[in-house]
Amino acid sequence: MVDRIVTGAHYGLRDWLIQRVSAVIMALYALFIVGYALYQPHLDYDSWTRMFSSNVLRSFTLLVLLALYYHAWIGVRDIVMDYVKPAGVRLAIHVVVILALLLYVIWSVQILWGM
Amino acid sequence: MNKKRPKFLALHQIKLPLPGMVSILHRISGALLFLALPLLLWMLQCSLRSIETYTELVDNLQHPASKIFLLLVLWAFLHHFCAGIRYLAIDLQFASSLARARSSSRWVLAVSLALMVTVGVWLW
Numbered sequence: 001m002v003d004r005i006v007t008g009a010h011y012g013l014r015d016w017l018i019q020r021v022s023a024v025i026m027a028l029y030a031l032f033i034v035g036y037a038l039y040q041p042h043l044d045y046d047s048w049t050r051m052f053s054s055n056v057l058r059s060f061t062l063l064v065l066l067a068l069y070y071h072a073w074i075g076v077r078d079i080v081m082d083y084v085k086p087a088g089v090r091l092a093i094h095v096v097v098i099l100a101l102l103l104y105v106i107w108s109v110q111i112l113w114g115m
Numbered sequence: 116m117n118k119k120r121p122k123f124l125a126l127h128q129i130k131l132p133l134p135g136m137v138s139i140l141h142r143i144s145g146a147l148l149f150l151a152l153p154l155l156l157w158m159l160q161c162s163l164r165s166i167e168t169y170t171e172l173v174d175n176l177q178h179p180a181s182k183i184f185l186l187l188v189l190w191a192f193l194h195h196f197c198a199g200i201r202y203l204a205i206d207l208q209f210a211s212s213l214a215r216a217r218s219s220s221r222w223v224l225a226v227s228l229a230l231m232v233t234v235g236v237w238l239w
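Line by line, the protein sequences are chains A and B.
As numbered in this note's numbering, residues 1 to 115 make up the first sequence, in order.
As numbered in this note's numbering, residues 116 to 239 make up the second sequence, in order.
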């Protein structure tokens with residue numbers, strides 16, 4: 001009989017795939033932002049905010065941030081599963097990490113559309 | 116299985132091979148980036164909100180402590196980025212032999228450090 005604990009892994013293959021897809025999305029976005037910044041003759045407040053004033057870039061930035069948060073969740077969860085043995089502590093850390101990441105989602109929307 | 120088998124996990128005596136170093140640094144850099152997330156989001160917010168918060172942020176980033184923080188985050192990002200691309204390449208069956216795994220590990224460590232120094236010099 002397999003010992004199942006509530007804070008164990010569930011969806012190995014799905015998360016494995018999401019981790020890679022989100023990584024590719026973030027890598028492309030990072031290259032785009034770095035390329036855009038290097039392309040600007042003067043990177044100052046005006047050119048920076050002009051870039052983020054377009055709804056297309058805002059939406060893609062939010063999409064990338066969502067990919068980042070999911071990626072971070074899988075990564076942190078794997079680290080915690082490997083190094084934190086007691087199930088209670090593990091659950092507590094998982095809950096804190098999930099709540100933090102959900103707050104970052106809300107915060108990201110506020111940053112991008114509240115400027 | 117013999118439950119009483121001896122375990123020799125003397126961490127200070129274990130010398131990781133190069134791909135193992137890249138792997139554990141991938142974890143450490145990922146954890147660092149996760150912990151840095153609120154500060155990075157706060158910086159993004161300051162940079163976008165208004166010209167006052169933008170100049171305030173630029174001033175704050177001149178402080179030596181924030182430069183060290185930025186450099187650390189930069190290394191974590193670059194190492195995580197390069198090591199991640201290496202893992203994607205391995206998934207696609209590139210670099211599957213031991214010799215290529217070693218040489219690609221060396222490349223990951225070298226490229227991320229070199230890029231960190233380059234961007235660091237360019238920033239200051």
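Where is the CB? At the ideal position from N, CA and C, for every residue including glycine.
Keep in mind it's a predicted model, so treat the numbers as computed, not measured.
Take the alpha-carbon of A/TYR83 and the one of B/ARG142: they are about 12 angstroms apart. Between the C-alpha atoms of A/VAL24 and B/LEU193 there is a straight-line separation of about 14 angstroms. For A/LEU66, the closest of A/ILE18, A/ALA92, A/GLY12 and A/ARG14 by C-alpha to C-alpha distance is A/ILE18. Fully enclosed alpha helix (DSSP H) runs of no fewer than 4 residues occupy 12-39 of the segment 10-47 of chain A, in order along the chain. Rounded to whole angstroms, the separation of the alpha carbons of B/LEU185 and B/LEU230 is 14 angstroms. Ranked by Cα distance from A/ILE93, the options A/LEU103, A/VAL76 and A/TYR104 are led by A/VAL76. Contact annotation: A/TYR104 and B/LEU152 have beta-carbon atoms nearer than 8 angstroms. Around the beta carbon of B/HIS178, fewer than 16 other beta carbons lie within 10 angstroms, which makes this residue exposed. For B/GLN160, the residues of chain A that pass the 9 angstroms Cβ criterion are TRP107, GLN110, ILE111, GLY114 and MET115, in the order they occur in the chain.
Selection A/LEU99, A/LEU63, A/LEU102 and A/VAL97 evaluated against A/MET26 yields A/LEU63 as nearest (Cα-Cα). Note that the C-beta distance between B/SER138 and B/HIS195 is not below 8 angstroms. Only residues of its own chain outside the window of five on either side were considered, and among them LEU43 have a CB closer than 8 angstroms to the CB of A/ALA37, listed in chain order. Note that the C-beta distance between B/LEU172 and B/SER162 is below 8 angstroms. Per DSSP, A/VAL80 is one residue of the alpha helix (DSSP H) stretching across 55-83.
Look at A/GLY12: its C-beta is not under 8 angstroms from any C-beta on chain B. Inclusion of B/ARG217 and B/LEU133 in the CB contact set at 8 angstroms is warranted, their separation being smaller than that value. Around the beta-carbon of B/GLY199, 16 or more other beta-carbon atoms lie within 10 Å, marking it buried. Within the segment 160-181 of chain B, GLN160, SER162, LEU163, ARG164, ILE166 and TYR169 place their CB atoms closer than 7 angstroms to a CB of chain A, listed in sequence order. Here DSSP, grouped into helix, strand and coil, assigns B/TRP239 to coil.
Listed by position along chain A, the residues whose Cβ is nearer than 8 angstroms to that of B/LEU203 are ARG20, ALA23 and VAL24.
Collapsing the DSSP output to three states places A/GLY114 in coil. Restricting attention to B/ARG120, B/ALA214, B/TRP190 and B/TRP239, the CA atom closest to the CA of B/SER227 is found in B/TRP190. For A/VAL89 and A/SER47, the gap between their C-alpha atoms comes out near 46 angstroms. Approximately 6 angstroms separates the beta-carbon atoms of A/TRP107 and B/LEU156; this is inside 8 angstroms, confirming the contact. Those residues of the segment 66-84 of chain A placed with their C-beta closer than 7 angstroms to a C-beta in chain B are ALA72, GLY75, VAL76 and ILE79, ordered along the chain.
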